[in-house]
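Read in order, the letters of the sequence shown correspond to residues 45 to 313 in the numbering used here. From the three backbone atoms N, C-alpha and C, an ideal C-beta is built for every residue, glycine too. Presented below is the structure to which this report refers.
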Amino acid sequence: MARPHDWRDAPLADFAVLGDPVSHSRSPKMHEAAYQALAMKRSYVPIEVKLDDLSPALSHLARLGYRGVNLTVPLKEAGAKWAEKPDEFVRRVGSANTLDLLESSATNTDAPGFLDTLPGLGIWPPSKVLVLGAGGAARALTAGLAEAGFRVRVFNRTPERAEAMVRGLGAAAEVLGEPNPEGCSLILNTTSAALSGEAPDLQWNRADRKAIAYDLTYGSELTPFLLKAALQGHKVVDGLDMLVAQGARSFEWWLGVAAPLDAMRRAVE
Ligand code: NDP
């Protein structure tokens with residue numbers, strides 16, 4: 045994986061992923077593979093940016109001629125505030141993962157990218173979905189799922205955060221007092237528990253046998269959540285397909301060209 049640049053020493057390039065940390069990101073490989081597949085002369089680099097530096101970093105990159113950036117942890121909320129022209133969804137969820145530096149505009153491809161992956165799993169509205177977590181990713185996905193017509197349940201370790209999230213979004217979602225997956229076709233782990241080697245609480249004995257366990261985190265091994273699910277006999281899905289789907293949507297938003305999905309997928313496997 046390419047070593048991230050400090051934003052003050054950023055090279056000349058067209059696109060970047062910004063975050064802190066950002067060294068784990070597979071986005072540079074994925075976007076570079078897309079340019080190669082389409083013989084486009086573009087470049088995409090990883091750049092480390094601390095939360096307090098986002099605004100000066102974006103001005104600096106715009107001056108260097110960068111066209112757009114993806115944002116990862118912990119910059120998505122700040123990115124939504126930075127944009128002069130956030131789209132309607134960004135305004136509502138307060139989180140942006142894709143910026144256009146020429147236009148000062150922002151969009152969020154996490155939610156539609158995630159939704160793109162569901163038909164392939166045989167999951168359609170109005171299936172019931174349990175969202176575990178109430179952070180930035182849960183926010184975007186809860187809003188996206190509810191709007192798409194899914195019946196959404198949310199459980200978070202800190203229940204007040206789940207209640208505040210659902211209230212703030214005005215989403216048609218029910219906050220649960222316990223992690224009960226009964227009746228859900230999809231159990232979606234949006235927590236960052238895997239980063240500390242943990243799985244979020246779940247009443248596995250109440251899960252439908254055919255429920256699919258989906259973790260937004262991806263890596264070379266199953267996360268603790270997916271490992272538990274696999275041991276109970278559930279089908280498991282990690283966040284790699286979503287990574288590709290959201291990346292493809294960012295690519296298309298910036299360049300107006302259909303993204304070469306197969307090349308992007310191969311690059312991150
Ligand atoms: P946030 O920091 O905003 O939210 C973290 C959430 O995880 C909170 O709800 C927190 O609960 C919960 N949590 C953390 N540790 C535990 C634990 N040990 N047990 C139970 N709950 C826990 O993170 P994001 O929403 O931005 O990202 C979440 C994950 O999703 C990250 O791992 C990220 O990499 C991944 N992601 C993947 C994408 C992809 O394309 N595949 C896209 C976007 C995100 P509490 O409120 O109680 O603290």
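Where D306 is concerned, the enclosing alpha helix (DSSP H) starts and stops at 305-312. R253 sits in coil when the DSSP states are folded into three classes, being neither helix nor strand. Annotation for R197 indicates a beta carbon at 7 Å or more from all heavy atoms of the ligand NDP.
Contact between the region 298-310 and the region 256-272 is absent: fewer than three C-beta pairs spanning the two stretches fall below 8 Å. Ranked by Cα distance from V137, the first of T151, L146, L145 is T151. In the DSSP secondary-structure assignment, Y79 is not bridged to any residue. Beta-bridge partners of E222 (DSSP): none assigned. Per the C-alpha coordinates, the member of D306, A273, A274 positioned closest to L284 is D306. Your pair S171 and L230 checks out as a contact, with CB atoms roughly 7 Å apart and the cut at 8 Å. Remark: the C-beta of D50 is outside contact range of the ligand NDP, defined as less than 7 Å to any heavy atom. Of the other Cβ atoms in all chains shown, fewer than 16 fall within 10 Å of the Cβ of L146; this residue is therefore exposed. With respect to the 8 Å criterion, A187 and L159 are not classified as neighbours on the basis of their beta carbons. A contact is defined here as three or more CB-CB pairs under 8 Å, and the region 219-227 meets this definition with respect to the region 240-250. Around the Cβ of H68, a 10 Å sphere holds fewer than 16 other Cβ atoms; the residue is exposed. With a cutoff of 8 Å on beta-carbon distance, G109 and M286 are scored as not near each other.
A54 and D144 have their C-alpha atoms roughly 17 Å apart.
Per DSSP, K279 lies in no beta strand (DSSP E) and is assigned neither H nor E. Residue range 154-160 is occupied by the alpha helix (DSSP H) that includes D154.
If you ignore the 5 residues before and after W168, its C-beta comes within less than 8 Å of the C-beta of L162, all in its own chain and listed in chain order. If you draw a 10 Å sphere on the C-beta of S240, you find fewer than 16 other C-beta atoms in it, and that means exposed. With a 10 Å radius around the Cβ and a threshold of 16 neighbouring Cβ atoms, P130 comes out buried. Around the beta carbon of A46, a 10 Å sphere encloses fewer than 16 other beta carbons of the protein chains shown; the residue is thus reported as exposed. Contact annotation: V93 and W51 have beta-carbon atoms nearer than 8 Å.
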